[in-house]
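S.K.:
Protein chains: 2
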Amino acid sequence: MIQHTVSFALRHPADSPEEQAFLADAAAALTGIPGVENFRISDQVSPQSAHRFQFAMDFADAETYAAYNTHPDHVAFVQTRWVPEVESFQELDLVPRG
Amino acid sequence: MIQHTVSFALRHPADSPEEQAFLADAAAALTGIPGVENFRISDQVSPQSAHRFQFAMDFADAETYAAYNTHPDHVAFVQTRWVPEVESFQELDLVPRG
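Quick mapping for you: the protein sequence lines, in order, are chains S and B. Quick note on numbering: the numbering used here labels position 88 of the first sequence as 94, and the sequence is numbered without any gaps. Quick note on numbering: the numbering used here labels position 85 of the second sequence as 91, and the sequence is numbered without any gaps.
(1) Tell whether a beta-carbon distance below 8 Å holds between Phe-61(S) and Val-12(S).
(2) Can you grab the Cα-Cα spacing for the pair Glu-93(B) / Ala-32(S), in whole Å?
(3) Can you tell me which of Leu-36(S), Phe-28(S), Pro-19(S) puts its alpha carbon nearest to the alpha carbon of Val-81(S)?
(4) What are the boundary residues of the alpha helix (DSSP H) that Gln-26(S) is part of?
(5) For Ile-39(S), which beta-bridge partners are listed by DSSP?
(6) Given the structure, does Pro-53(S) come close to the ligand NAD, in the sense that its CB is under 7 Å from one of the ligand's heavy atoms?
(7) When you compare each of Pro-40(B), Pro-53(B), Gln-54(B), Leu-29(B) to Arg-46(B) by their alpha carbons, which one comes out closest?
(8) If contacts are defined as beta-carbon pairs under 8 Å, then Leu-16(S) and Glu-91(S) qualify, I think. What distance do you get, rounded to the angstrom?
(9) Would you give the residue range spanned by the alpha helix (DSSP H) that Pro-19(S) belongs to?
(10) Considering only DSSP beta bridges, list what Met-63(B) is partnered with.
(11) Thinking just about the alpha-carbon of each residue, which of Ala-27(S), Ala-56(S), Met-7(S), Leu-98(S) is nearest to the one in Arg-58(B)?
(12) Work out the CA separation of Gln-50(S) and Glu-25(S) for me, nearest whole Å.
(13) Please classify Gln-85(S): does DSSP put it in a helix, a strand, or coil?
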C-alpha cells in the first residue's frame with residue numbers, strides 16, 4: 007500500500023467561498039479516479055508549516071498510483087484547478103513499515 | 007483527534023546500522039510517552055522530497071499533544087538523538103475533516 011499525500015496553501019483567502027469550492031471540487035474530481043481509496047481532507051494546524059490543508063489517499067500498489075497520476079481526469083484537475091489556485095505544496099508518499 | 011507527523015532525513019547512510027538503531031530507539035522512546043497512540047514509521051518514497059522517513063502518531067486532543075511536547079522523555083530524545091542525527095525535517099499536524 008502507498009499513501010499519497012500533498013499538503014498545500016491556496017491563493018484564496020481563508021474560509022472564503024473559493025476555498026470551500028476548491029476543496030469540494032477536488033474531492034469530487036479525485037475520488038472518481040480508479041484506484042483512489044480512503045480519500046480524506048485534513049486541516050494542517052502546525053505553525054511550523056505555512057500549508058493549511060492536506061489531501062491523503064491510498065493506492066493498492068505503485069502501478070495503480072502511476073495510473074492515477076496519468077489519468078485524464080487527474081491531469082485535467084491539475085491543469086484547470088491545482089496550478090491556478092494553489093500557492094505552494096509538498097508531496098509525501100508513504101509506505102508503512104511493519 | 008490530532009495526527010502529528012514529521013518527515014525527515016538522517017545524517018546516517020541509507021540502510022546503515024546507525025539508521026536502523028535510530029528508528030528502533032525512537033519508537034521505543036516515543037511510544038512510552040503518555041497520550042501517544044498509533045505510532046507508525048513509514049518510508050517516504052516520493053522523489054519530490056529529500057526526506058526518507060516519516061513518523062506519525064495520534065493524540066486525543068490538543069492538551070494531550072502539548073503534554074507530549076514538554077514531557078521530559080520527549081525533550082531528552084530531541085536533545086540526545088534528534089538534533090545530532092537528523093539532517094532536515096518538516097512537521098505537519100493534521101486534523102481530519104468530516
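Virtual Cβ for every residue (Gly too), placed ideally from N, Cα, C.
M.R.: According to the structure shown:
(1) Along the first sequence, read from residue 1 onward, the residue named residue 61(S) stands at position 55. Along the first sequence, read from residue 1 onward, the residue named residue 12(S) stands at position 6. Yes, these two residues count as a Cβ contact at 8 Å.
(2) Here residue 93(B) refers to the residue found at position 87 when the second sequence is read from its first residue. Here residue 32(S) refers to the residue found at position 26 when the first sequence is read from its first residue. Between Glu-93(B) and Ala-32(S), the C-alpha separation is close to 34 Å.
(3) For the purposes of this step, residue 81(S) is taken as residue 75 along the first sequence, with counting starting at 1. It is Leu-36(S) whose Cα lies nearest to the Cα of Val-81(S).
(4) Position 20 of the first sequence, counted from the start, is the residue given in the question as residue 26(S). Segment 23-36, the alpha helix (DSSP H) holding Gln-26(S).
(5) By 1-based counting over the first sequence, the position of residue 39(S) is 33. Bridge partners of Ile-39(S): none, in fact.
(6) Because no ligand of any kind appears in the structure shown, any question about the ligand NAD cannot be addressed here.
(7) Position 40 of the second sequence, counted from the first residue, corresponds to residue 46(B). That would be Leu-29(B), whose Cα lies nearest to the Cα of Arg-46(B).
(8) Numbered from its first residue, the first sequence carries residue 16(S) at position 10. Numbered from its first residue, the first sequence carries residue 91(S) at position 85. That belief holds up - the Cβ atoms of Leu-16(S) and Glu-91(S) are roughly 6 Å apart, short of 8 Å.
(9) Locating residue 19(S) in the first sequence gives position 13, where the first residue counts as 1. No alpha helix (DSSP H) holds Pro-19(S); DSSP gives it neither H nor E.
(10) Taking the second sequence and counting its residues from 1, one reaches residue 63(B) at position 57. Met-63(B) is bridged to His-10(B).
(11) On the second sequence, residue 58(B) is found 52 positions in, with the first residue counted as 1. Of Ala-27(S), Ala-56(S), Met-7(S), Leu-98(S), the residue nearest in Cα terms is Leu-98(S).
(12) Walking along the first sequence from the start, residue 25(S) turns up at place 19. Walking along the first sequence from the start, residue 50(S) turns up at place 44. For Glu-25(S) and Gln-50(S), the distance between alpha carbons rounds to 14 Å.
(13) Taking the first sequence and counting its residues from 1, the one referred to as residue 85(S) is at position 79. DSSP places Gln-85(S) in helix when its eight states are reduced to three.
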